[in-house]
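Data block below; observations after.
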Amino acid sequence: MAILIDSGTPASDKNFWATTWECFADAQALYGRRFECDVAAEPLTAKCSRYFTSHLLLDKLLDYRTLEDVRAQIREAEQAGTICMGIDSLNLDWPEHWWCNPPFDLKPEFITQARQQQANGRPGMMLLPYEPLTTWWRRLLAEDVIIYEPDGRYQFYERDGATRKSGANFGCALIAFPTMKVGASPRIPFVRGIGSKRAA
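In terms of my numbering, the sequence shown opens at residue 39 and continues consecutively.
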């Protein structure tokens, strides 16, 4: 019998969980070069100096109740050297060497978009819940990606990009979308912290 654990976190909140810098450093170390654009970010969660954001942020900009908060976030990000390059990354071409921690509810859509970028010669990497027994995983990730399996769970940040979430109850994997064919997707285990070890 399966034992299901209810995290108590509303599913919609998981759409905005941000990648930690430790996870991002590991991803860059495994990928072998700097990422050029974060294609699923908000002003305070972007991991690259260029980012694409969601149409939901545009909706907030158009809402008088949240307008000033969002403008303040965008100003803060721009002062830190982070620039929004586009809205609604599912309808944009991504640059080469993209990074993506997609919204939890839009995993298949972002994987499909990543596959399109891969086919057009624009490689990148994605952080996804590690669910190899699910239909979406087997259908979308069985071939031509490289699956990096960490030795434990990564944590996340809240939407402010700084406050750590407590105990994610699911594991994640880093998925590289190379432009060459690799056949059946290889699974490569690694020890978390590889990014900080390479920087030292």
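Where a beta carbon is used, it is the ideal one built from N, C-alpha and C, also for glycine.
Contacts around residue i, its chain only, beta-carbon distance under 7 Å, and the 5 residues preceding and following it disregarded
i      : result
GLY190 : ARG230
ILE121 : SER87, ARG88
LEU166 : LYS145, CYS210, ALA211, ILE213
TYR69  : MET163, ALA214
TRP174 : LYS145, PRO146
Residue i - containing alpha helix (DSSP H), residue span
i      : result
CYS61  : 59-69
LEU179 : 173-179
Residue burial classification, residue i (beta-carbon count within 10 angstroms, cutoff 16)
i      : result
ALA157 : exposed
THR83  : buried
LYS226 : According to the sequence displayed, residue 226 carries Ile and not Lys. Classification for ILE226: exposed.
GLY221 : exposed
GLY162 : buried
TRP55  : buried
GLN154 : exposed
ALA118 : exposed
PRO224 : exposed
PRO188 : buried
Simplified DSSP assignment, three categories, for residue i
i      : result
GLU116 : helix
GLY209 : coil
PHE142 : helix
GLY221 : coil
ARG202 : strand
GLY162 : strand
PHE131 : Note on identity: in this sequence residue 131 is Asp, with Phe being the wrong assignment. Of the three classes helix, strand and coil, the one that applies to ASP131 here is coil, per DSSP.
ILE41  : Any answer about ILE41 is weak, because its pLDDT of 37 lies below 50 and its placement is not dependable; what the coordinates show is given next. If DSSP states are grouped into helix, strand and coil, ILE41 belongs with coil.
GLY233 : helix
THR150 : helix
ASP107 : helix
Boundaries of the beta strand (DSSP E) in which residue i is found, first to last residue
i      : result
ARG225 : 225-228
Paired residues, beta bridge with residue i - DSSP
i      : result
ALA56  : TYR195
GLU187 : PRO227
PRO167 : CYS210
ARG88  : ILE121
ASP76  : TYR89, TRP137
PHE215 : GLY162
Contact set for residue i: own chain, Cβ-Cβ below 8 Å, skip 5 residues either direction
i      : result
ILE112 : PRO81, CYS122
ILE41  : With a pLDDT of only 37 at ILE41, under 50, the local geometry of the prediction cannot be trusted, and the value read off the model is given with reservation. So the list is empty, once near-sequence residues are dropped.
LEU194 : Going by the sequence as given, residue 194 is Phe instead of Leu. TRP55, ALA56, THR57, THR58, ARG202, LYS203, ALA206, listed in sequence order.
Residue i Cβ short of 7 Å to the ligand FMN heavy atom set
i      : result
CYS122 : By its list of ligands, the structure shown contains no ligand whatsoever, and the ligand FMN lies outside what it can speak to.
Close Cβ partners of residue i (< 6 Å) along its chain, the five nearest in sequence each way excluded
i     : result
PHE62 : LYS85
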